[in-house]
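Report on the structure given below.
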Amino acid sequence: MIAADRLSAANFNVTVYDQMPTVGRKFLMAGRGGLNLTHSEPLEILLARYGHATAHLADYIKTFDPDAVKTWCHELGEPTFIGSSGRVFPRSMKASPLLRAMLKRLQSQGVALKMRYTWQGWNDTAQLLFASPEGTHVEYPDATLLALGGASWPKLGATGAWTKMLEGQGVAIAPLRPANCGVLIQWTAYFSGHFAGQPLKNIALTVADQQSRGEAMITTTGLEGGVVYAQSAAVREACRHNSSTEISLDLRPDRTHAQLVTALDKRRKGASIATALRQTLALPPVAINLLREATGLHLPQDNYAMASLVKNIPLTCQGVASLDRAISTAGGVPFSECDAHLMLKRVPGAFIAGEMLDWEAPTGGYLLQATLATGVAAAAGIARYLK
Ligand SMILES: Cc1cc2nc3c(=O)[nH]c(=O)nc-3n(C[C@H](O)[C@H](O)[C@H](O)COP(=O)(O)OP(=O)(O)OC[C@H]3O[C@@H](n4cnc5c(N)ncnc54)[C@H](O)[C@@H]3O)c2cc1C
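Counting in my numbering, the sequence shown runs from 1 upward without gaps.
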């Protein structure tokens, strides 16, 4: 849509096709969490968030950087603010006003929107083929932008079905994998039955020397939440090589081991260890039962060993949750399959933007930042190609 905006503003005739009844469903879903548009940290740090794709995305993001995202949002009538974590949000904390303003602008610039049109690839004469409510529809545009998303939350429209269409043109695709997703842990029936849906607040999660801080949620199949999403790529990659991997939780990351021992030493005479954990460390029942779960119900009785366990609960992950519930998608069209303007080398005139491209990043506004920046870059590429 941002590409449609840029191109229509430059007087190109643009039609947007989407297989859903309305556009921007995932964008609206992102708005439920406040719509974290980008991040205010220094650009070099922001760029490093894209890992292996940093070198490929850097120029696009420098051209449409976080300040440009803020200006774009402001111009659509939504001033932004920086949250305490440095994340940038529209002041309304919603996606719908921004989407409405965007649609209004596209309409005023003559962009046609065709809903319930499912792109099915190219036919033998290189025309775009759609299944539509009116039947099969073909188009032969001067240029095409494919911005079909990854494959997470497929009910919002991005199903990843495009991989087959592009592979049919000889485009190599990096397998689509879940990113920013939950991890799988085999809980006992008792623990998942009693504690699924309960949060573990202000914890630290360590995977292979990398630590993240935040909140996790117990699920029937493992753990979800910000602190888990931040480490899910590491768990995913570790589980690709081995069938499982160890992670470690610290339930009291703001206190040292020695401070926990001192607190536990103050436990009342005769108090059970569970009562001591509640009274001296203020651990909620879900946390105390997680300690039990991790030790096969054999909680350590001495305070030194208990403090060690609170700071380092070992858990075995069997993998990551499926793409269906992941926030984003890793894998996709490798940058090596595109030229510098994001045009497919094997399909001249067809450009790629957004999550279809092979990059991933943590949550924090980096997903929309790269999606918008590649949309702007592809629009510039199309304008250049058509001229
Ligand atoms: C719950 C949730 C919360 C999120 N919160 C944030 C956040 O706060 N900040 C952030 O930066 N990111 C967030 N994201 C991620 C962000 O929404 C995505 O990175 C972004 O929407 C990707 O944009 P896209 O245009 O590449 O793909 P999408 O937004 O998925 O759009 C792809 C479109 O292509 C259409 N389509 C797919 N295949 C076809 C076809 N064959 N024919 C026709 N149409 C087709 C789909 O219907 C869809 O409308 C969140 C994601 C989720 C799931």
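No residue lacks a Cβ here, since even glycine has one placed at the ideal position from N, Cα and C. Since the structure is predicted, the reported quantities are computational estimates derived from the model, not experimental observations.
Inset, instruction - Using DSSP bridges, identify the partner residues of L47. - result: Reading the sequence shown from its first residue, position 47 is the one you call residue 47. In DSSP, L47 forms no bridge with anything.
- State the DSSP-derived secondary structure class of D324, mapped to helix, strand or coil. Locating residue 324 in the sequence shown gives position 324, counting from the first residue. In this structure, D324 counts as helix in the three-state DSSP scheme.
Practice prompt. Tell me whether Y60 sits in a helix, a strand or coil according to DSSP, three-state version.
Written response: By one-based count along the sequence shown, residue 60 stands at place 60. DSSP places Y60 in helix when its eight states are reduced to three.
Worksheet item: For S248, which residues does DSSP report across the bridge?
Response: Locating residue 248 in the sequence shown gives position 248, counting from the first residue. Note: S248 sits in a beta bridge opposite T206 and P314.
Could you say if the region 138-156 and the region 186-194 meet the contact criterion of at least three C-beta pairs nearer than 8 Å?
-> no
Inset, instruction - Identify the continuous alpha helix (DSSP H) that holds I352 and give its terminal residues. - result: Taking the first residue of the sequence shown as position 1, residue 352 is located at position 352. Not the alpha helix (DSSP H): I352 falls in the beta strand (DSSP E), residues A350 to I352.
Identify whether Q19 lies in helix, strand or coil by the three-state DSSP scheme. The residue given as residue 19 occupies position 19 in the sequence shown. If DSSP states are grouped into helix, strand and coil, Q19 belongs with coil.
* CB of Y60 within 9 Å of CB of T374, strictly -> Counted from its first residue, the sequence shown places residue 60 at position 60. Counted from its first residue, the sequence shown places residue 374 at position 374. In contact: Y60 and T374 (Cβ atoms closer than 9 Å).
heavy atom of ligand 1 below 8 Å from M102 C-beta:
The residue given as residue 102 occupies position 102 in the sequence shown. For ligand 1, not one heavy atom lies less than 8 Å from the Cβ of M102.
**Endpoints, alpha helix (DSSP H) assigned at S192** = Along the sequence shown, one-based indexing puts residue 192 at 192. Run containing S192: A189 to F195, per the alpha helix (DSSP H) assignment.
Q | Close Cβ partners of V320 (< 6 Å) along its chain, the five nearest in sequence each way excluded | A | Reading the sequence shown from its first residue, position 320 is the one you call residue 320. Only P178, C181, V183, S232, V235 and R236 meet the Cβ criterion.
Original post:
Counting Cβ pairs closer than 8 Å, one from the region 303-320 and one from the region 248-257, do we hit at least three?
Top reply: yes
By Cβ distance below 6 Å, which residues in the same chain neighbour Y304 in space, the five residues on each side in sequence not counted?
Within the sequence shown, the letter at position 304 stands for residue 304. V261.
- request: Step through the CB atoms of chain D and report whether any lies within less than 9 Å of the CB of R252.
  value: As a matter of chain content, chain D is missing from the structure shown, which is built from one protein chain.
Handout entry: N- and C-terminal bounds of the alpha helix (DSSP H) containing M93
Key = For this step, residue 93 is matched to residue 93 along the sequence shown. Unbroken run through M93: none, as it is neither H nor E.
| message | Using only CA atoms, which one of Y117, M102 and W119 lies nearest to V111? | response | As a working mapping, residue 111 is identified with position 111 in the sequence shown. Answer by Cα proximity: M102.
How big is the Cα-Cα spacing for G24 and Q127? For the purposes of this step, residue 24 is taken as residue 24 along the sequence shown, with counting starting at 1. For the purposes of this step, residue 127 is taken as residue 127 along the sequence shown, with counting starting at 1. Cα-Cα distance, rounded: 25 Å.
*Three-state secondary structure (DSSP) of L176*: On the sequence shown, residue 176 is found 176 positions in, with the first residue counted as 1. Note: L176 maps to strand in three-state DSSP.
Check: When burial is assigned at 16 or more other CB atoms within 10 Å of the CB, is F81 buried or exposed?
Finding: In the sequence shown, counting from the first residue as 1, residue 81 sits at position 81. Its Cβ having fewer than 16 others within 10 Å, F81 is exposed.
Collapsed DSSP secondary structure at A126 in the structure displayed: Position 126 of the sequence shown, counted from the start, is the residue given in the question as residue 126. Correct three-state label for A126: coil.
Whole angstroms are fine: how far does the CA of Y140 sit from the CA of L129? Position 129 of the sequence shown, counting from 1, holds the residue named residue 129. Position 140 of the sequence shown, counting from 1, holds the residue named residue 140. Cα to Cα, the separation comes out at about 9 Å.
query: Is the distance from the Cβ of F27 to the Cβ of A131 below 9 Å?
result: Working through the sequence shown from its first residue, we reach residue 27 at position 27. Working through the sequence shown from its first residue, we reach residue 131 at position 131. No.
**Message:** Taking 9 Å as the threshold (C-beta atoms), are V69 and L403 in contact?
**Reply:** In this structure the chain extends from 1 to 387, so residue 403 is not present and cannot be described.
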